[in-house]
Amino acid sequence: MLLRRREEPIQLKTPAQIAVMREAGLVVATALGAVTGAIEPGISTAELDAIAERAIRSAGATPSFKGYHGYPACICTSVNEQIVHGIPSTRQLLKPGDLISVDCGAIVHGYHGDAAVTVGVGELGQPLADLAGACELALRAGIAQARPGGHLTDISHAIEQSVLASGAYGIIREYTGHGIGTSMHMPPAVPNYGRPGRGPLLAEGMTLAIEPMLVLGSPVTRLLADGWTVISADGSSAAHFEHTVAITADGPVVLTAAAAGQAGLEARDGS
Ligand code: MF3
Ligand code: CO
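Just so you know, we're using my numbering here: the sequence shown kicks off at 588 and counts up by one.
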């Protein structure tokens with residue numbers, strides 16, 4: 588989301604509400620799995636959007652992106668120098684070697700899930716594969732800090748440190764992660780860089796969408812004339828990974844993990 592600075596309370600969820608958010612997260616994970624499974628040279632990003640919409644609606648959920656401030660699709664498809672919020676199009680056909688981020692959101696019983704993955708179309712060149720790997724690793728480092736007693740920017744700092752350890756990548760600063768719950772974008776903003784130990788104390792029941800965005804070159808961005816698509820100003824390729832995460836007494840729980848992660852979640856619940 589676009590960085591906003593304002594102080595508002597952070598919404599806390601009960602374990603029952605977090606269980607509903609897991610349902611929404613599972614729908615998002617399933618939709619992303621369907622979309623990434625269909626990615627191949629020649630497919631259009633509009634076809635990918637149709638696949639996501641079918642997956643979301645057939646699960647009885649509602650796509651959260653469609654109609655959000657007038658956004659026209661169920662997913663964002665951001666290819667190569669597009670960083671986030673690319674609009675699916677029948678005219679955008681994927682080519683071998685493209686790097687595409689797919690971002691998806693769904694609502695179940697009023698609660699949101701939001702996640703993104705970046706994948707290659709066919710074989711990726713090593714620099715792009717490394718970029719995507721660094722971004723996914725940074726997301727995992729951030730998630731590990733989403734625990735009670737820490738500060739918000741412990742997440743930010745862990746992401747930045749992870750990126751620095753991976754290579755000379757640009758971290759996007761003009762867009763951040765966000766609180767999520769009964770709306771997709773809620774306080775607090777979750778920056779992907781910064782000093783640790785700052786910002787609100789993290790507490791049980793908070794749910795955050797953590798989403799590092801990296802580029803091969805300069806992190807300066809430009810908004811296309813469509814009013815949505817964010818690209819790197821220098822045209823360098825971008826990667827973006829996102830998970831919706833709950834802060835629990837036991838630590839972070841990734842609500843948008845794929846179904847394979849469900850067993851672990853249930854073992855934790857004792858159900
Ligand atoms: N995951 C995206 C974000 O947090 C949401 C896409 S915005 C929409 O910025 F307008 F496409 F819905
Ligand atoms: Co998001």
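Cβ coordinates follow ideal geometry from the N, Cα and C atoms, glycine included.
Model, not experiment: these values are computed from the prediction.
For residue i, count neighbouring Cβ atoms within 10 angstroms of its own Cβ and tell me buried if that reaches 16, exposed if not.
i, result
"H696", "exposed"
"H656", "exposed"
"E829", "buried"
"E710", "exposed"
"A603", "exposed"
"D813", "exposed"
"S651", "buried"
"T769", "exposed"
"S824", "buried"
"V817", "buried"
"T808", "buried"
"E640", "buried"
I'd like the span of the beta strand (DSSP E) that includes residue i, first residue to last.
i, result
"M608", "Segment P602 to A625 is the alpha helix (DSSP H) holding M608; no beta strand (DSSP E) there."
"D690", "L686 to V695"
"S819", "V817 to S819"
"P787", "Per DSSP, P787 belongs to no beta strand (DSSP E) and is neither H nor E."
"P774", "M773 to V777"
"S665", "I662 to V666"
"A564", "A query on residue 564 cannot be resolved here, the shown segment of the chain reaching from 588 to 858 and no further."
"T705", "Y698 to G707"
"Q669", "Q669 to V671"
"R809", "T808 to L810"
"G764", "G764 to G766"
Taking the straight line between their C-alpha atoms, what separation do you get for residue i and residue j?
i, j, result
"S688", "Q713", "17 Å"
"S665", "E634", "14 Å"
"Q732", "A642", "31 Å"
"G838", "T794", "12 Å"
"G720", "A820", "22 Å"
"L860", "V750", "Residue 860 lies beyond the stretch modelled for the chain, which goes from 588 to 858, so this question has no answer here."
"G781", "L686", "27 Å"
"P806", "V706", "20 Å"
"T716", "G673", "For clarity, residue 716 is Ala in the given sequence; the question names Thr instead. The straight-line gap from Cα to Cα measures roughly 20 Å."
Tell me which same chain residues have a C-beta within less than 8 Å of the C-beta of residue i, skipping the five on either side of it?
i, result
"H738", "P783, G784, R785, G786, P787, L788 and L789"
"I630", "L680 and L681"
"G647", "V695"
"P683", "P628, V708, G709 and E710"
"L726", "I746, I797, E798, P799, F828, E829 and H830"
Excluding five sequence neighbours on each side, which residues of the same chain lie with their C-beta closer than 6 Å to the C-beta of residue i?
i, result
"E595", "P774"
"P778", "S743 and T763"
"K653", "C661"
"L599", "G792"
Just to confirm the assignment, what range does the alpha helix (DSSP H) spanning residue i have?
i, result
"S743", "L739 to S753"
"I638", "T632 to S645"
"C722", "Q713 to A731"
In chain order, what residues of the same chain lie with their CB nearer than 7 Å to the CB of residue i, ignoring the 5 residues before and after it?
i, result
"G804", "G757, S819, D821 and S823"
"V614", "I643, A646, A648, A693, V695 and G700"
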